[in-house]
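Chains as they are written, first to last, in the working numbering: chain R, 1 to 676; chain W, 1001 to 1525; chain D, 2001 to 2315; chain G, 3001 to 3163. We put the CB at the ideal spot given by N, CA and C, even for glycine.
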Amino acid sequence: MATSPTTVMDQLLTGLHLPDGLDAFAGVIRESLAQVTNSASWTRYGRQSLEWLIGMNPVDRLFMLSALTLLLMLLLGRLRSAGVLAVLLYGAQFAALLSTDTLFGAPLAAEVRITVADQSLHWSYDALSWFFAMLTIGAGFVTAWYAAGSWMRRYREAGRSARAFHVALALNCFGMLLLIGSADLLSLFLGWELVSWASFLLMALVGGLGAQAALKYLAYAISGAMLILGAIALLYSVGGSFEYDAVVAAIRGMTDAQVWTLLLLLGGGFAVKLALLPFHLWQAAAYAEAPGAGSVFLGAISARMGLFGIIVFIVGMIGVSRLMTLEIPYTFMSSRELIAWIAALTIIVPTYTALQQHDARYLLAWHGIGQGGYMLLGLMVGDAVGSAGGLLHCFNYAITQAALLMAVFAVVHRTGTADLNQLGGLVTRMPLTFLVLLFGIISLAGLPPMAGFVSKWMVYRSLITEGMPLLFVTAVVGTLGTILSVYKLIHNIFLGQLRVEHQEVAEAPLSMLIPMLGLSALIFLAGFIPGPALSWVAQVQGQLGLPVVPWVLGGIVDPRGGLDMIWLVGILMAGFGVGALVFYGFGGRSRRVHQLDNYAGGHFLTADVHYQYSDNFYAGLMHLIGPWYRGAFRWLERSLAATLDLVSFGAEGLYRLAQPTLLMLAAAVAMLAWVL
Amino acid sequence: MTLELPVDLLFGLNLDLNLDLTRVMTANAIVLPVVLPLLAAFLMQPLAQVSRLLARLLGPLVLTLGAWIILNTWLEVGPAPFSVAIGGFAAPLGIVFYADQLALLFALAVQVFTLLFWPGLGVVAKAEAAADRQRAPRRDALALLLASAATGLALSGDLFNIFVFYELAAVASFGLVCADDSGRARIATLRYLFISAFGSVLALVGIAILYLQTGTLNLAQLAQVAPETLQGPIGLAAFALLLIGFGVKAELFPLNAWVPEVYATAPARVSALLAGLISKLAILVIVRLLILVFQQPEASQLLLVLGVLGVLTGEFSAWRAQDFPRLLAFSSIGQLGLVAIAFSIDGTTGLLAGTAVALHHLIVKSALFGLANRWSGGLDALAGAAKGAPRAAGLFVLFALSLIGVPPLWGFWIKLLIMVGLVQGGAPLDLLALGAILLATAVEAHYLFRVALRLYQPPVPDRALRLAPPARWDTGVAYLLGACLVVISVAITPTTEALRVLAQQTGDVLLYIDTVFPQPLADKE
Amino acid sequence: MDWLSAVNLDGLAAVDFRWLGLVLELILMPLIAFVVGLGLVLMLRKIAARLQRRVGPPLSQPLWDIIKLHAKETQTSHGLIHEIGIVMAIGGYVAAVTLLPVPGMNGLAQQGGLIALLYMTMIPSLGLALGVGQCANPNGSIGISRALTAMLAYDVPLVIVIFGVAFHFGSLNLVHMIAAQQAGGIASWGIVQMPLLALAGLFALQGMLGKQPFEIYVAPAEIATGPMVEMGGKFLGGLFVMQCFQLYTAGVLYVTLFLGGGEHWLTFLFKVFVVTAIPMTIAMVFPRYRTEDMVRLFWKWPTMIGLLGIAFVMN
Amino acid sequence: MIPWSLETVSYAGAIGLVVIGGLGLVICNHLFRMLLALAMAESGANLLLVLTGFRDGAIAPIIGYGPAGAPLVDPLPQVLVLTAIVIGVGVQALAVAVLVRVYRSYGTLDMRDLRRRMEGEIAAAAGIAAPGSAQAPLGQRPLPPVPDYELVRRSAPVRERGA
């Protein structure tokens, strides 16, 4: 009796090679079940499973914990305490990740593997995986924390399913962990699809505009996935195997035309996720319309999976040097320059689109697209500092964007709107949230002393030393646009006139504030002492075979001009000290006045007067560059959709013919003509 | 104990069975799943006069018996193929049934799926109008006829016999489509009938050409003489005509104008049977012809081209579809195009991929049509349907994911098999097909999830779902098939291995010949 | 932790012995910059006055202005950020001036570099913008919107110049640049080697200072419609201090990039004053540009000249 | 007697019948004419099938008929064609039956008309607006509304501090 279900399961799972530890675990379970009447066995059971957990392969442990998170959220997601449980579980995942020690140690293969029809799917963690897994789990952790308290209460009260949210988040994390640990093409595609669908789920959770955006995302994502599948088929046909070793060998033996095809397929597929031009249109709405905490997660890490793919295949396997040899016919450009220019345009166009947004969520989401361009640009420059800057920007951007979105959604949580024309003056009501947003925008704009400056500096630096003036100017112009639009963001939300209806607004709840403040501290620390993050990046570079950045605790040592953030921040702080001394140390005491005690050209201001400059904030600039916003990409997208519609109409017309046998006769005639 | 069963059937199928019930386990019993439903179909009307309950139960009983017999035979006889000469006349003079694993699998599927989608099952008797009660025996008889003919298609080893079964299935399906007396169904039936009948005419011409060239219609004998006699354009012409003839039921591209109309008007269960089951059997016939008789690469190419066109037109049209049954119909066209592409791949890979994708589509599309019984309205009216039926909506998502080919579901492995097969083929046409599949998949994902999202939307007040009677049975069947899908996805390795064995057996022409003619034919001549 | 053990401490060790000197620099350089900045302000006002046939202010007028503003009794604050903004505005430039190498003091400049300096100079803009924004006066916000737009305008030629110079010298380090220029005499000065970039840089400098004819965003003459609308008392005084640092920064940066830096204080200050005076004198005779026109101008001529200059540098 | 002439003419005639039938199916709009065309095509196919068994100068394959040892025509096609004819007749009878009922319901046998009506009925049953009324263009809304769960509930105390 007892064995028959087991044997059935064994038969079903013949393809699944379980790690040795799991057999032991199964033994423990069996034993425990046998003694289930004996209550004393429970403690033993608990101890043994803990021992098993400690003894197993670290990567398996990571996967298992992630899967456990998913399972528990599926089972217990409805409970009020599920949020806290989720935080603990993500924390456990983080601990499990640290225990893998694949960053400084050797790559570690997971023992879990699946064999399907002679093809083996397996996973392995190395420094690159560690780096991205750290970002993923970290994003999951702060998101779960942010969502655990007041936010989730509100979410529930609106009749939404807390379980669905928790599951979607856990599924995202799980899928990403699988993807970044993939060690062959099949497990890569498995992870890729899992990630795509999980983020679709997270976007579509709330329906309405979110669902529309999610559907658009899906159209892009599946097209991208199909390109990747095409690339996988190509690689398999050349290399005859799905293993990475064979793939590397296959790429080495490919002709230029084949590499071009591969580049277009893979690049296109990954570019969709990374939202590179011209595949960027889905991202802003999809990320902005996701439920608040979900938006934080998506914005922080989700699109980076595309970059991960590009790093593994285009930077790692094809290699920047090979890219440089691939000339585009009839031009002076190589494929590397092509990608670099796509990255540069991805910086410019979305950043200046962000400048036009009137919704804080959309503004940040558009910036998210633009920042992806810096990462790719750094990687495409390909020297030690540039590629390190690109990689480091993943980390810096993740913490920055998470903090920014959290702050914005905290405002939304309290005021009910993200409309930049409906807010203002909240700094007096939500000072801590303001602080978080301030740290975030300084980092996003890439100004010292925050984290974003370090990575952007590295990218600029490499562009200068490699002699790429136009790309450099483009990147800096992107940064300038960022400064403009983030100032608009903070001005319209926190500065200026406080509206009457927001007089009584309270500071964000503590459950949301703690992760926000934690991230802000991290943003500052990562700018002040970039050494630790640089050490991770250096390991990743080493593993990818790129030149390794010469890093120290404070930044980069280089005879041709390095960067020491400890000094720089120290000088800046000293400067602020001098400034404070000049301002506070001399002269009369300043007196606080009411916000309406203000110059109004001789008029008296009352509370009902909206005295805030928010709409069309950069009117002068828009007067000049406004006509450049032609919506060319939207036009492209719409014309593609229209083409598809037309083709579909034609296809459907074949089934709408009045004469049912017409096509049949035609086919018969055509076939016979072809045959004879 | 010996039972004399002189059965003189309508269409020249002369059977004189000497059935020894003690030997019912042996191979000869395999004819029973063909004969018994046929018999029951003719007994249905008289029986209904005697007892309505008995008549209602007759169909399911016969089908259960048939399934049991096939399963038993399969287990008893083992994996090796066997052939049965009907009435003791040996091939090539007599009619043979050839039962390898593929045939048995599909014969079994016929019994099981007809049972699952049996028109009378799970329908609340009170809800049934008096007119319906009048129609029930007729409808059941037609369904039994369909089951019998479909089983015959799976097992038959003689081309003309196949043609007869095919026509029988056609007639039964005409009757089933317009069984519930709606005017639009009758119009659709007529249009379907013209296509189907003209297809049969062309197939008959093809058969005539074959006979003219070879002098036989026995598949095994054809397989022996085909390399000498059917190499030229004449042979290809015969194949083209047969492809057009049998392609009508297989929903191949230019021959499938009936599909959207019929599925939009026929009862959902009939659509499920036609789209899921009958189309597969028609494909099975084409594949048998392709393997045994027409081994020219051009023949495969013909199938490939039709498959590509089917995939593209089907999926693109589905993208524009506005009601659920028609969406499924177009999607079904696309999927059958995929089946055709898979079978056009050379060697075992193609057979494996083709069989897998056919089975996958059988499971998924049947279940989806089962769900359509509940959601038979326009797509806009589906908004909020998930509220009332969360599990059904979940099932829809599961099936949609598998259709699109999302790992780790079965659909993904199948698509991978096809893609690998096409890439290994490597011809420009193969790569074109690959591109078409990728493009179609993207389109497919979009429209399927447009529906899925609509299911989960809040309902639109003024366009509330007009609730069909709660189709518990159909939803239950969908659960069952969904569970099947999940189990197969988990046990993907054993499934693939089993299918590989099956495909190897199917692709073995010599095995076929040796099984039908135990001694070499040369001795006979 | 693992990363701690892997931290390379060589960089710190190199700094270790000089930290006292650096702290001294940190204190001295802002003081010097302030004094020089006061002188620059005075000079500009004198030039403007002479061009307008006035006598101009006495020697200590800039200092007295600041003292007067600080000493005012009515100090209207619109909240903490209003004040922090001023602190950031001054602090950013103080940090910037310490990163500039001057004769005898270039220890801190070693730590920074051209890009760090460029971004340091953006911090005061941000601080000022925050402070003005907090005032809840739309006129101020409009002024900031114009100021940031202007920044977008002059930074384009500026970064082109920075690229060209950094590429020419093969380093981002200002000390290296000075060393390279001084080693080869006047022939190796940036202005001789890269005349086009020097010209573009002059344009950018003018925009960066917000002086005539690009002063509309500061709007000193019609204070009610500019960013300064709510700035009175020591808020304005702080901005005056900032202006001193700003002029100093701009002048020294240009001297460092194109005029070989300072061999010793005399020539250094001479160069700085000349660099600041000449464009000011020329520009004073031009009419004022609207913000859009300014953007158009900067994105056209200096940008083109700068790109041409880069083309020559990279040949 | 020219041996090829009879056979060739017969084959050509049979194929011609099929072709004429097929063309008739396509060209005609009247259902009954289409049915007749179908019947014609079927006759052609049947004729072709029976011709395959034809042997020049042979006699009917009946035992005891004609001189022994005389060449017989192939009997198998004749059997087959009988079956085919029966099937054909069955299908046609079914078609006529349906046709009559269609005519009773709709009062017309015009294919285009009927198809239009069928489409209309399907659309009406599914609750779809008639084709041609294009979906409303996707308007560019100035601002997407914030989803309801992010909105403040006015009833709740505003100065709450959540943990």
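DSSP places S124 (chain R) within a strand segment (E or B) once states are collapsed to three. A straight-line Cα-Cα distance of about 39 Å links P1407 (chain W) and L1145 (chain W).
Within the stretch 34 to 114 of chain R, there are no complete beta strand (DSSP E) runs of at least 3 residues. Cβ-Cβ distances below 8 Å link A1393 (chain W) to A1385, A1386, A1452, L1455, Y1456 in the same chain, with the five nearest sequence neighbours on each side left out; the list follows chain order. At least 8 Å separates the beta-carbon of T2303 (chain D) from that of R591 (chain R). When C-alpha distances from L128 (chain R) are compared across R:T102, R:A109, R:Y146, R:A144, the shortest belongs to R:T102. Rounded to the nearest whole angstrom, the C-alpha separation of K1415 (chain W) and G1405 (chain W) is 6 Å. When DSSP assignments are scanned along the stretch 2070 to 2112 of chain D, the uninterrupted stretches of alpha helix (DSSP H) that are 4 or more residues long and fall wholly within it turn out to be 2080 to 2098, 2107 to 2111. Ranked by how close their Cα comes to the Cα of A3124 (chain G), the residues W:L1155, W:D1380, W:G1334 have W:D1380 in first place. Note that the stretch 358 to 368 of chain R touches the stretch 405 to 417 of chain R; at least 3 beta-carbon pairs, one per stretch, sit closer than 8 Å. Here V548 (chain R) carries a coil assignment [DSSP, helix/strand/coil].
Interface criterion not met: the Cβ of A1240 (chain W) is under 8 Å from no Cβ in chain G.
Taking a contact as a CB-CB distance under 8 Å, the pair L1063 (chain W) and L1054 (chain W) does not count as one, their CB atoms being some 15 Å apart.
Per DSSP, the beta bridge partners of F1097 (chain W) are W:V1084, W:S1156. The C-alpha of L1309 (chain W) lies about 11 Å from the C-alpha of L654 (chain R). Secondary structure note for G631 (chain R): it is in no alpha helix (DSSP H), with a DSSP letter that is neither H nor E. Counting the other CB atoms within 10 Å of its CB gives W635 (chain R) a total below 16, which places it among the exposed residues.
Under the Cβ distance rule, T661 (chain R) counts among the residues neighbouring chain W, one pair being separated by less than 8 Å.
Among the residues facing chain R, L3025 (chain G) is included, as its CB has a counterpart in that chain under 8 Å away. Judged by DSSP secondary structure, W1118 (chain W) falls outside any alpha helix (DSSP H); it is assigned neither H nor E. For the C-beta of T115 (chain R), the chain W residues within less than 8 Å are, from N- to C-terminus, T1493. Non-local beta-carbon contacts of Q283 (chain R) in its own chain, meaning distances under 6 Å to residues more than five positions away in sequence, involve A275, I369 in chain order. Within the stretch 267 to 305 of chain R, the complete alpha helix (DSSP H) segments at least 4 residues long are 283 to 288, 292 to 297, listed from N- to C-terminus. Here F1396 (chain W) is buried. Its C-beta has 16 or more other C-beta atoms within 10 Å. Annotation: the continuous alpha helix (DSSP H) that includes E2292 (chain D) extends over 2291 to 2314. In the three-state reduction of the DSSP assignment, V116 (chain R) falls in the strand class, which pools E and B. The DSSP assignment places complete alpha helix (DSSP H) segments of no fewer than 4 residues inside the stretch 2178 to 2227 of chain D at 2190 to 2193, 2195 to 2209, in order along the chain. Residue pairing of G555 (chain R) in beta bridges, as defined by DSSP: R:V552, R:D564.
E327 (chain R) sits in a strand when the DSSP states are folded into three classes.
G389 (chain R) is positioned such that its CB atom lies closer than 8 Å to that of V459 (chain R).
Shown here, N1218 (chain W) sits in a strand according to DSSP, grouped into three states. L1448 (chain W) has no beta-bridge partner at all, per DSSP. Approximately 18 Å separates the beta-carbon atoms of V486 (chain R) and L432 (chain R); this is outside 8 Å, ruling out the contact. By the 16-neighbour rule on beta-carbons within 10 angstroms, M2314 (chain D) is exposed.
Neighbourhood of A1197 (chain W) in chain G, by CB distance below 7 Å: L3038, V3091, in chain order. Taking CB atoms only, A658 (chain R) has a neighbour in chain G less than 8 Å away.
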